[in-house]
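Undergrad: Chains as they are written, first to last, in this note's numbering: chain H, 1280 to 1666; chain U, 363 to 525.
Where is the CB? At the ideal position from N, CA and C, for every residue including glycine.
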Amino acid sequence: MRNFISKAAEAIPPSGIRKFFDLALTMDDVISLGVGEPDFTTPWNVCEAGIYSIEQGTTSYTSNRGLQELRDSLSEYLKDHYGLHYDADREMVITSGVSEALDIAIRAVIDPGDEALVTEPIYVSYAPCVTLAGGIPVPVPCREKDQFRLMPDALMEKISRKSKVLILNFPNNPTGAVMKRDDLKAIADIVVDHDLLVISDEVYAELTYGGSHVAPATIDGLWERTITLNGFSKAYAMTGWRIGYLCAPEPICDAALKIHQYVMLCAPVMGQIAANAAIRNGEDEKDKMVREYRVRRNLFVHDLNRIGLPCHVPEGAFYAFPSVTSTGLSDFEFAEQLLKEERVAVVPGTVFGDAAKDHLRCAYAVSRKDLKEAVIRIERFMSNLPN
Amino acid sequence: MDEKDHLLLQLLEENSRVSVDELSVMTEISARDVECRIAALEEARIIRNYSAVIDWERAGNGEVWGIIELKVNPERDFGYDRIAERISKFKQVRSLRLITGTYDFQLLVTGKNMQEVARFVSEHIAPMDRIRETATHIVMKNYKENGNSLCGHEGTERIPYSF
């Protein structure tokens, strides 16, 4: 029999932590800091809107673009919160989570051989999506000494004649880094000079602490060359509802919409209705969750530094990103031994690219009580390491 | 009152046993400042008391709760205040509110059993001057107390790793 697996599918790597995942499932009493989703359930008023829609028999397809009322709400929301201007009818598509938005954005603009500059450390999907589209992902390291922001010199070093797209994800998973307006301005100059397109995944935008999120598309010269991606999963604790969105200038949006209509048709209708409820009546609940993440971040990062795992203060998302260099273990060794010996699950940084080597991603989207217990266990684990 | 005061109040309302040092880390202000702010909030009687939320049913005390509604004739010059003060002095009265609607006061009353609650109402509350009518409701089950759910499963089942 032939090998039926496509070269494209073979070219993308399997999950880097399958082994850990299987191991954790066999263990009791694991505190998982390995989860990239909120520990809160979706606010009840949002759930009720979804439930009501099902009771009313609203179970059909929506238009490919998504429900008009959700797009109208979003258009207003983006303007009020981030100063982003996108037309609800021409420059927006509702997707099945940001994951789908990312895929169709990349496929709408990448041709075989095109290079996509992907900042690292970064969430695991970007490079494989570029590969699947026939493109070549080119990692651009964000360094710890720069608080994991993207610096112009690092970007310049990786730009070639084939560069077409720059993929950004700030606030960043896994580092929690954010880009301030000045940081983005410096990057914008390079983007414009080299005629690049930005794909900006801003799913953690609402989880920005001690300052407002700056959307790249609000920087002079970038709107017309930016695809903005966002969604409801993180801010409103709606991961399982699978609702995201893509905003872009009309020609790019139309190209992405074409792909969306063939591969997804539309995002789930009950999810869209719930998302609209979230945007209209979920602000207070969202603010409460954001406040709680910030409190946890403060406690957890303080504790990590206290027990000897140096960690910068992440200004966004819900991840701490401590270095394990001082322990003499690699990030994989640390994560594996910690899981086996103390039943604390963390994700080794290398999973998020070489630039994340010797770091751990620890999600603080767990209760304060569990965070405290996790710190006790990590401290005990470290005290048992040979000097 | 600023944003940090609000945050302190919210954190203390959730857990009044949290230490000053922890509050300092959580709120990003110095421990000294935390102490001063709490003292000021206590002084201003914004923080009235530090207490625990207890599921007495689970503790096995078998305490009975009654919700008592009262129609009251207000008093010239004092309105409802003096009669409210008198009622609130009974230790059985756990909370007392002036409300809109058919009744004027709503009381939360505790007793060892239903008879004790009923006796308290009939012997101490109903005969008071200015009380025109009472309605007594016995609480059958507490599902949520002071923002805390007392039933079922809270939170969500998550897989151990996701990116």
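Less than 8 Å between CB atoms is the rule here; does Val1603(H) satisfy it with respect to chain U?
TA: Chain U contact via Cβ: absent.
Undergrad: List the residues of chain H that Tyr523(U) touches, going by C-beta distances under 8 Å, in chain order.
TA: Result: Ile1296, Phe1299, Phe1300, Ala1303, Ser1311, Gly1313, Val1314, Ala1624 and Val1626.
Undergrad: Would you mind sorting Val1409(H) into buried or exposed? The rule is 16 or more other CB atoms within 10 Å of its CB.
TA: The residue is buried, with at least 16 neighbouring Cβ atoms inside 10 Å.
Undergrad: So with CB distances below 7 Å, who are the chain U contacts of Asn1577(H)?
TA: Simply Val387, Met388 and Glu390.
Undergrad: Between Ala1290(H) and the rest of its own chain, which residues show a CB-CB distance below 7 Å, the 5 nearest in sequence each way excluded?
TA: Once the five neighbours on either side are set aside, the close Cβ partners of Ala1290(H) are Thr1410.
Undergrad: Output, in chain order, the set of chain H residues within a Cβ distance shorter than 8 Å of Glu384(U).
TA: Under the 8 Å cutoff, chain H gives Leu1578.
Undergrad: Can you say whether Phe1600(H) is buried or exposed, counting buried as having 16 or more other CB atoms within 10 angstroms of its CB?
TA: Label assigned to Phe1600(H): buried.
Undergrad: Just checking: is the beta-carbon of Arg481(U) within a distance shorter than 8 Å of some beta-carbon in chain H?
TA: So no, Arg481(U) is outside the interface.
Undergrad: Run down chain H in chain order and give the residues with a C-beta less than 8 Å from the C-beta of Arg520(U).
TA: The answer, in chain order, is Ser1311, Val1314, Glu1316 and Asp1318.
Undergrad: Over the uninterrupted alpha helix (DSSP H) stretch that includes His1539(H), give me the two end residues.
TA: Unbroken alpha helix (DSSP H) run through His1539(H): Glu1529 to Val1542.
Undergrad: Got a sec: is the Cβ-Cβ distance from Leu371(U) to anything in chain H below 8 Å?
TA: No - not a single Cβ of chain H is within 8 Å of the one on Leu371(U).
Undergrad: I'd like the span of the alpha helix (DSSP H) that includes Phe467(U), first residue to last.
TA: Premise fails: Phe467(U) lies in the beta strand (DSSP E), Phe467 to Gly473, not in any alpha helix (DSSP H).
Undergrad: Please give the ranges of any alpha helix (DSSP H) in the stretch 1607-1660 of chain H, keeping only runs that are unbroken, at least 4 residues long and fully inside the region.
TA: Listed in chain order, the complete alpha helix (DSSP H) runs (minimum 4 residues) inside the stretch 1607-1660 of chain H are 1610-1621.
Undergrad: Quick one: what's Arg510(U) bridged to in DSSP?
TA: The identity of residue 510(U) in the sequence shown is Asn, whereas the question assumes Arg. In the DSSP output, where bridge partners are listed per residue, Asn510(U) has Glu507(U).
Undergrad: Could you give the residue range of the alpha helix (DSSP H) that holds Leu1302(H)?
TA: Segment Arg1297 to Leu1304, the alpha helix (DSSP H) holding Leu1302(H).
Undergrad: Where does the unbroken alpha helix (DSSP H) through Gly1376(H) begin, and where does it stop?
TA: Where Gly1376(H) is concerned, the enclosing alpha helix (DSSP H) stretches over Gly1376 to Val1388.
Undergrad: With DSSP as the reference, please indicate the residues paired to Ser392(U) in a beta bridge.
TA: Beta-bridge pairing links Ser392(U) to no other residue.
Undergrad: Which whole runs of the beta strand (DSSP E) in the stretch 1458-1506 of chain H are 3 residues long or more, in chain order?
TA: Qualifying beta strand (DSSP E) stretches, in chain order: 1476-1480.
Undergrad: Anything in chain U within Cβ reach of His1492(H), meaning under 9 Å, just list it in chain order.
TA: Near His1492(H) there are no residues of chain U at all, since even the closest Cβ is about 18 Å away, more than 9 Å.
Undergrad: Using a Cβ-Cβ distance cut-off of 8 Å, determine whether Tyr1365(H) contacts chain U.
TA: Not one chain U Cβ lies under 8 Å of Tyr1365(H).
Undergrad: Relative to the C-alpha of Lys503(U), which residue among Ile493(U), Asp383(U), Pro489(U) and Gly428(U) is closest?
TA: Of the listed residues, the one whose Cα sits closest to Lys503(U) is Gly428(U).
Undergrad: Which residues does DSSP list as the beta-bridge partners of Arg459(U)?
TA: Answer by DSSP bridge pairing, in chain order: Gln468(U).
Undergrad: Taking Cβ-Cβ distances shorter than 7 Å, what residues in chain U pair up with His1581(H)?
TA: Simply Val387.
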